[in-house]
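Trainee:
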Amino acid sequence: MNEINPRAAEYAEFRKPVRELCAQFDGRYWQQVEADQAYPEAFVNALTKAGWLAALIPEQYGGGGLSLTAASVVLEEINRSGANSGACHAQMYIMGTLLRHGSESQKNEYLPKVASGELRLQAFAVTEPGTGTDTTRTATSAERRGDRYIINGQKVFISRVQHSDIMLLLARTKPIDHSAHKTEGLSIFLADLRAQPKGLTVRPIRNMVNHETNELFFDNFEIPAENLIGGEGKGFRYILDGMNAERILIAAECIGDGFWFLDKARAYANARTVFGRPIGQNQGIQFPIAKAYASVRAADLMRYEAARLFDQGKPCGGEANLAKLLAADASWEAANACLQTHGGFGFATEYDVERKFRETRLYQVAPVSTNMILSYIGEHILEMPRSF
Ligand SMILES: Cc1cc2nc3c(=O)[nH]c(=O)nc-3n(C[C@H](O)[C@H](O)[C@H](O)COP(=O)(O)OP(=O)(O)OC[C@H]3O[C@@H](n4cnc5c(N)ncnc54)[C@H](O)[C@@H]3O)c2cc1C
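Going left to right, the sequence shown walks through residues 109 to 496 as my numbering numbers them.
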């Protein structure tokens, strides 16, 4: 089949090796990992060893020092191969908080080890059961006692904790009613998860995709004071700082999914013969695929535009949000067209379509839900009143 992405030749120095690496992990690998409800350890290790998950860590700390555009291409290729970046993408954007706001000694201590794979930093604990999307209401507390912070509270849907050595944690160092503004008083910590830490209970949440996510219960969990990242009380600001990169990277994953679904759909539409002709000859099958192709291509333009602005150090909040919104919608549209094209076989696990269908649906909800992006566009671009 011909390549349908006209930009597939760009960034070939990253695309090609990532594509080759991913080719070693075919549909059967992902089916087995899911059947075992396992973490794709071999896949994540191979990506780490090849340095791809350290793409955004500067070279001085042992990383690849790549642009965000190049890093986004890495994630796009992972998803386009039929794999799922959800197992490992967080390392790329989580480490940005450490890089931008960590002290020099924290960066020297952790970043080279994250880059080499000696330490895995794949978990970021923000969401709480009682507050959900309203991060400013974070209730998990961090109380300073001598040279430690004592953490108490609960988090939910915290991914990859069981496969991370260190985790970033958002907690309240000042109660909200003692803070001048609701965004103040939140802080970010680096929690060490090695050696079964005392005061932390991890309860896995079975969910729609094979995504290791968990409830966390903190009961006098201790973090050394030196593991506070940046200034106390400034954690909310630090989270916002990382959002543009996260949204652009997630958009690229959606684009990868979109092209994967389109490739699968057109191949099946051409090969499957019913009523004596390929089903793709029927416009009822052909047009939804064509329409999804238009959506994926359009979203891809916005993704490159957002990444370009980011790499030039220019404001890109609007474009990053638009890219994530359009790309998540486009991949979902392509997923739907692909599933429909496959008829009953779309539901058979061996075709991988139903797995990818479930996986791409998640992008409408996490890491950020579509409504929050629409709300950003309404308020910050279109200057309409804030709704919450
Ligand atoms: C598989 C998975 C992995 C995840 N991994 C992580 C992780 O690693 N770390 C982490 O911190 N979190 C993680 N999350 C949590 C995820 O970020 C949240 O689920 C998401 O932010 C929504 O929060 P919520 O589920 O509490 O929904 P709620 O806040 O309860 O919202 C429910 C729905 O209402 C909508 N809504 C709420 N308020 C408004 C409003 N004012 N206007 C319009 N719509 C609104 C939301 O958009 C959403 O669609 C994960 C979630 C899943 C499902």
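Backbone N, C-alpha and C define an ideal beta-carbon position, used for all residues, glycine too.
Does the beta-carbon of Arg380, which I'm using as the reference point, lie nearer than 8 Å to any heavy atom of ligand 1?
Mentor: Residue numbering aside, residue 380 sits at position 272 when the sequence shown is read from its first letter. Not under cutoff, so the answer is no.
Trainee: Would Phe151 pass as a contact of Ala195 if the rule is Cβ separation under 9 Å?
Mentor: Start at 1 with the first residue of the sequence shown, and residue 151 comes out as number 43. Start at 1 with the first residue of the sequence shown, and residue 195 comes out as number 87. Against a cut-off of 9 Å, the Cβ pair of Ala195 and Phe151 comes out as a contact.
Trainee: Let me make sure I understand the geometry here. Which of Ile363, Ser193, Ala179 and Glu185 has the alpha-carbon closest to that of Gly204?
Mentor: The residue labelled residue 204 in the question sits at position 96 within the sequence shown. Looking at the Cα atoms, Ala179 is the closest of the given residues.
Trainee: With a cut-off of 8 Å on the beta carbons, I'd call Arg466 and Val264 a contact; round off their distance for me.
Mentor: To locate residue 466, count along the sequence shown from 1; it is residue 358. To locate residue 264, count along the sequence shown from 1; it is residue 156. In fact, because the Cβ distance is near 20 Å, the residues do not count as touching under 8 Å.
Trainee: Under the three-state reduction of DSSP, which class applies to Lys290: helix, strand or coil?
Mentor: Here residue 290 is taken as the residue at index 182 of the sequence shown, counted from 1. Coil at Lys290, not helix or strand.
Trainee: Please classify Arg188: is it buried, with 16 or more other beta-carbons within 10 angstroms of its beta-carbon, or exposed?
Mentor: As a working note, residue 188 is residue 80 in the sequence shown. So Arg188 ends up on the buried side.
Trainee: If you measure from the CB of Lys221, is any heavy atom of ligand 1 nearer than 8 Å?
Mentor: Counting from one through the sequence shown, the residue named residue 221 turns up at place 113. Incorrect: Lys221 has no Cβ contact closer than 8 Å to ligand 1.
Trainee: Figure out for me which residue from Arg494, Ser175 and Ala373 has the closest Cα to the Cα of Tyr459.
Mentor: Locating residue 459 in the sequence shown gives position 351, counting from the first residue. It is Ala373 whose Cα lies nearest to the Cα of Tyr459.
Trainee: Taking Ala438 as the reference, which of Arg469, Ile481 and Ala116 has the closest Cα?
Mentor: Counting from 1 along the sequence shown, the entry for residue 438 is found at position 330. Closest option to Ala438, Cα to Cα, is Arg469.
Trainee: If Gln448 sits next to Pro396, beta carbons under 8 Å apart, how far is it from one beta carbon to the other, in whole angstroms?
Mentor: Along the sequence shown, read from residue 1 onward, the residue named residue 448 stands at position 340. Along the sequence shown, read from residue 1 onward, the residue named residue 396 stands at position 288. Yes, they are in contact, since the Cβ atoms of Gln448 and Pro396 sit about 7 Å apart, within 8 Å.
Trainee: Is Asn315 near ligand 1, in the sense that its beta carbon is under 8 Å from a heavy atom of that ligand?
Mentor: In the sequence shown, residue 315 corresponds to position 207, counting from 1. Yes, the beta carbon of Asn315 sits closer than 8 Å to at least one heavy atom of ligand 1.
Trainee: Run through the DSSP bridge pairs and tell me what Lys263 is partnered with.
Mentor: Numbered from 1 along the sequence shown, position 155 holds the residue referred to as residue 263. Lys263 is bridged to Leu324.
Trainee: Given this structure, state the Cα-to-Cα distance separating Glu354 from Lys157, to the nearest angstrom.
Mentor: As a working mapping, residue 354 is identified with position 246 in the sequence shown. As a working mapping, residue 157 is identified with position 49 in the sequence shown. One C-alpha to the other measures close to 22 Å.
Trainee: Can you look up Lys342 in the DSSP assignment and give me helix, strand or coil?
Mentor: As a position in the sequence shown, residue 342 is number 234, starting the count at 1. Lys342 falls in the strand class under three-state DSSP.
Trainee: Enumerate in chain order the residues of its own chain whose CB-to-CB distance from Leu434 is below 6 Å, with the five nearest sequence positions on each side excluded.
Mentor: Residue numbering aside, residue 434 sits at position 326 when the sequence shown is read from its first letter. These residues qualify, in order along the chain: Ala407 and Met410.
Trainee: Between which two residues does the beta strand (DSSP E) holding Ile274 run?
Mentor: Counting from 1 along the sequence shown, the entry for residue 274 is found at position 166. That run of the beta strand (DSSP E) goes Ile274 to Arg280.
Trainee: Hey, how far is the Cα of Glu340 from the Cα of Glu217?
Mentor: One-based indexing of the sequence shown puts residue 340 at position 232. One-based indexing of the sequence shown puts residue 217 at position 109. Computed Cα separation, rounded: 20 Å.
Trainee: Using the DSSP secondary-structure output, state which residues sit across from Ile481 in a beta bridge.
Mentor: In the sequence shown, counting from the first residue as 1, residue 481 sits at position 373. According to DSSP, which records beta bridges pairwise, Ile481 is partnered with nothing at all.
Trainee: Provide the residue(s) that pair with Leu298 in DSSP beta bridges, ordered along the chain.
Mentor: Taking the first residue of the sequence shown as 1, we reach residue 298 at position 190. Leu298 is bridged to Leu276.
Trainee: Would you identify the three-state DSSP class for Gln448, choosing helix, strand or coil?
Mentor: In the sequence shown, the residue the question calls residue 448 occupies position 340. Reduced to three states, the DSSP call for Gln448 is helix.
Trainee: Mind checking which residues open and close the alpha helix (DSSP H) that includes Arg311?
Mentor: As a first step, residue 311 must be located in the sequence shown, where it is residue number 203. Segment Leu308 to Pro312 is the beta strand (DSSP E) holding Arg311; no alpha helix (DSSP H) there.
Trainee: Return the CA-CA distance between Tyr346 and Ala359, expressed in angstroms with no decimal places.
Mentor: Position 238 of the sequence shown, counted from the start, is the residue given in the question as residue 346. Position 251 of the sequence shown, counted from the start, is the residue given in the question as residue 359. Computed Cα separation, rounded: 21 Å.
Trainee: Mind checking whether the beta-carbon of Arg385 lies closer than 8 Å to any heavy atom of ligand 1?
Mentor: Counted from its first residue, the sequence shown places residue 385 at position 277. Arg385: no, Cβ never under 8 Å from ligand 1.
Trainee: Using CA coordinates, which residue listed in Asn352, Thr239, Lys432 and Ala231 is at the minimum distance from Lys422?
Mentor: Position 314 of the sequence shown, counted from the start, is the residue given in the question as residue 422. Cα-wise, what sits closest to Lys422 is Asn352.
Trainee: Return yes when the C-beta of Ala233 is under 8 Å from any heavy atom of ligand 1, and no when it is not.
Mentor: The sequence position of residue 233 within the sequence shown is 125, counting from 1. Within the cutoff, so yes.
Trainee: What is the C-beta distance between Thr244 and Phe344, in whole angstroms, given that I count them as a contact (C-beta under 8 Å)?
Mentor: For the purposes of this step, residue 244 is taken as the residue at position 136 of the sequence shown. For the purposes of this step, residue 344 is taken as the residue at position 236 of the sequence shown. Indeed they touch by this definition, with Cβ atoms about 7 Å apart.
Trainee: Where does Glu330 fall in DSSP's three states?
Mentor: For the purposes of this step, residue 330 is taken as residue 222 along the sequence shown, with counting starting at 1. Correct three-state label for Glu330: strand.
Trainee: Thinking just about the alpha-carbon of each residue, which of Thr291, Tyr484 and Val181 is nearest to the one in Ile361?
Mentor: Start at 1 with the first residue of the sequence shown, and residue 361 comes out as number 253. Just to set this straight, residue 361 is Glu in the shown sequence, not Ile. Residue Val181 is the option with its Cα nearest to Glu361.
Trainee: If we require 3 or more residues per run, which beta strand (DSSP E) segments fall completely within the region 166-233?
Mentor: Runs of the beta strand (DSSP E) inside the region 166-233: 229-233.
Trainee: Comparing alpha-carbon positions, which option in Gly261, Leu298 and Ile337 lies nearest Leu308?
Mentor: Working through the sequence shown from its first residue, we reach residue 308 at position 200. Looking at the Cα atoms, Gly261 is the closest of the given residues.
Trainee: Do Ser295 and Ala247 have their C-beta atoms within less than 9 Å of each other?
Mentor: Taking the first residue of the sequence shown as position 1, residue 295 is located at position 187. Taking the first residue of the sequence shown as position 1, residue 247 is located at position 139. Taking 9 Å as the Cβ cut-off, Ser295 and Ala247 do not qualify as a contacting pair.
Trainee: Closer than 8 Å to a non-hydrogen atom of ligand 1 - does that hold for the CB of His319?
Mentor: The sequence position of residue 319 within the sequence shown is 211, counting from 1. The answer is yes for His319.
Trainee: Count the other CB atoms within 10 Å of the CB of Ala428; is the residue buried (16 or more) or exposed (fewer)?
Mentor: As a first step, residue 428 is located in the sequence shown; it is residue number 320 there, counting from the start. Buried is the call here.
Trainee: Work out the CA separation of Thr239 and Asp285 for me, nearest whole Å.
Mentor: For this step, residue 285 is matched to residue 177 along the sequence shown. For this step, residue 239 is matched to residue 131 along the sequence shown. Between Asp285 and Thr239, the C-alpha separation is close to 16 Å.
Trainee: Taking 8 Å as the cut-off, is the beta-carbon of Asn479 closer than that to any non-hydrogen atom of ligand 1?
Mentor: By one-based count along the sequence shown, residue 479 stands at place 371. Yes, the beta carbon of Asn479 sits closer than 8 Å to at least one heavy atom of ligand 1.
Trainee: Taking Cβ positions, are Gly210 and Gly338 nearer each other than 9 Å?
Mentor: Within the sequence shown, residue 210 is the residue found at index 102, counting from 1. Within the sequence shown, residue 338 is the residue found at index 230, counting from 1. It is a contact, given that the beta carbons lie within the stated cut-off.
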